[in-house]
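**Q** Handing you a structure now.
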Amino acid sequence: MTTHTHVISPPLRYWVPRGVYRPQTDTRLLGRALRRERVTSGTEVLDLGTGSGVLAVEAARLGGRVTAVDISWRGLLTAWSNALLNGLTLRVRHGDLAAAVPGRRFDLVISNPPYVPAPGPVPPKGPARAWDAGDNGRRFIDRICDTAPTLLRPDGTLLMVHSHLCGIDTTLTRLERAGLRARVVDRTSLPYGPVLRSRLGWLREQHLADADTTEELVVIRGELA
């Protein structure tokens with residue numbers, strides 16, 4: 278009789294200093310989608326907006342050669358430190374999304390970008406920089422959609438998580454116009470957190486929210502067509 282042994286990886290060890298986005302429901306949702314991808318020792322992975330680096334470290338643990346990008350030096354230090362805590366290594370690059378890796382292409386691009394609609398400009402520093410994304414929440418999502426084809430190798434894949442408040446269909450359409458086949462591969466719902474509750478009146482004025490205070494998070498997967 279053949280027996281099968283299932284190896285369960287221990288939980289990742291990580292620390293998150295003040296000013297760096299702490300792993301939350303969106304992080305876990307994207308991590309679940311990441312673990313469904315075929316990541317091997319030859320897979321080149323890019324984590325755009327790595328923050329704490331938890332997703333980048335998970336991709337490295339799966340076997341990928343991971344480059345982690347963030348505009349925050351504190352975020353990059355956190356990602357690098359969390360890789361060391363788990364006995365892994367990352368390439369870290371400071372810069373603004375794809376501009377940090379000019380000319381490079383990857384097998385898998387993952388991103389948990391800022392996506393919360395917010396009145397006023399994107400803050401240049403401070404904790405809100407990790408989630409505020411302009412008046413429609415798409416300041417960074419649209420840039421990722423538009424540059425994805427230049428970042429992916431043939432047969433490459435993009436995984437991105439964001440809220441329904443940003444427009445799920447808008448993202449799918451934008452990726453398809455950029456030349457990717459795109460679909461939702463995972464989703465979950467949760468009550469509004471403190472940030473959304475604090476600006477609920479403004480969200481309703483902008484017709485971005487209604488009486489319901491449940492947020493839907495989705496993971497969108499895009500492949501080069």
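Per the working numbering, the sequence shown starts with residue 278, numbered consecutively. Every residue, glycine too, gets a C-beta built ideally from N, C-alpha and C. The structure presented is a predicted model; accordingly, all values stated were derived computationally and were not measured.
State the start and end residues of the unbroken alpha helix (DSSP H) segment that holds residue 418.
**A** Run containing residue 418: 418 to 428, per the alpha helix (DSSP H) assignment.
**Q** Express the C-alpha separation of residue 331 and residue 289 in angstroms, rounding to a whole number.
**A** Their Cα atoms are separated by approximately 8 Å.
**Q** Measure the C-alpha to C-alpha separation of residue 429 and residue 297 and round it to an integer number of angstroms.
**A** Those two C-alpha atoms are separated by around 27 Å.
**Q** How far does the alpha helix (DSSP H) with residue 339 in it reach, from first residue to last?
**A** Residue 339 -> no alpha helix (DSSP H), and no H or E assigned at all.
**Q** Quick check: the Cα distance between residue 415 and residue 390, rounded to an integer number of angstroms?
**A** Near 9 Å, if we compare the C-alpha coordinates of residue 390 and residue 415.
**Q** Residues in the same chain with beta-carbon distance under 8 Å from residue 491, minus the five sequence neighbours each way, listed in chain order, please.
**A** Same-chain partners within the cutoff: 466, 467, 468 and 469.
**Q** Nearest chain B C-beta to residue 422 closer than 8 Å, yes or no?
**A** Here chain B cannot be found, since the structure has a single protein chain.
**Q** Would you kindly work out how many angstroms separate the C-alpha atoms of residue 340 and residue 362, rounded to a whole number?
**A** Roughly 16 Å between the two C-alpha positions.
**Q** Are residue 358 and residue 408 closer than 8 Å when you measure CB to CB?
**A** Contact: no.
**Q** Shortest alpha-carbon distance to residue 393 belongs to which of 488, 404 and 463?
**A** The shortest C-alpha separation from residue 393 is found at 404.
**Q** In this structure, what does DSSP give as the bridge partners for residue 468?
**A** Paired residue(s): 491.
**Q** What does a CB cutoff of less than 8 Å around residue 351 pick up in its chain, not counting 5 residues either side in sequence?
**A** Hits under 8 Å: 294, 296 and 297.
**Q** What are the start and end residues of the beta strand (DSSP E) that includes residue 368?
**A** Element bounds for residue 368: 368 to 371.
**Q** Could you pull the DSSP bridge partners for residue 387 from this structure?
**A** Its beta-bridge partners are 324 and 436.
**Q** Less than 8 Å between the beta carbons of residue 367 and residue 360, yes or no?
**A** It is a contact, given that the beta carbons lie within the stated cut-off.
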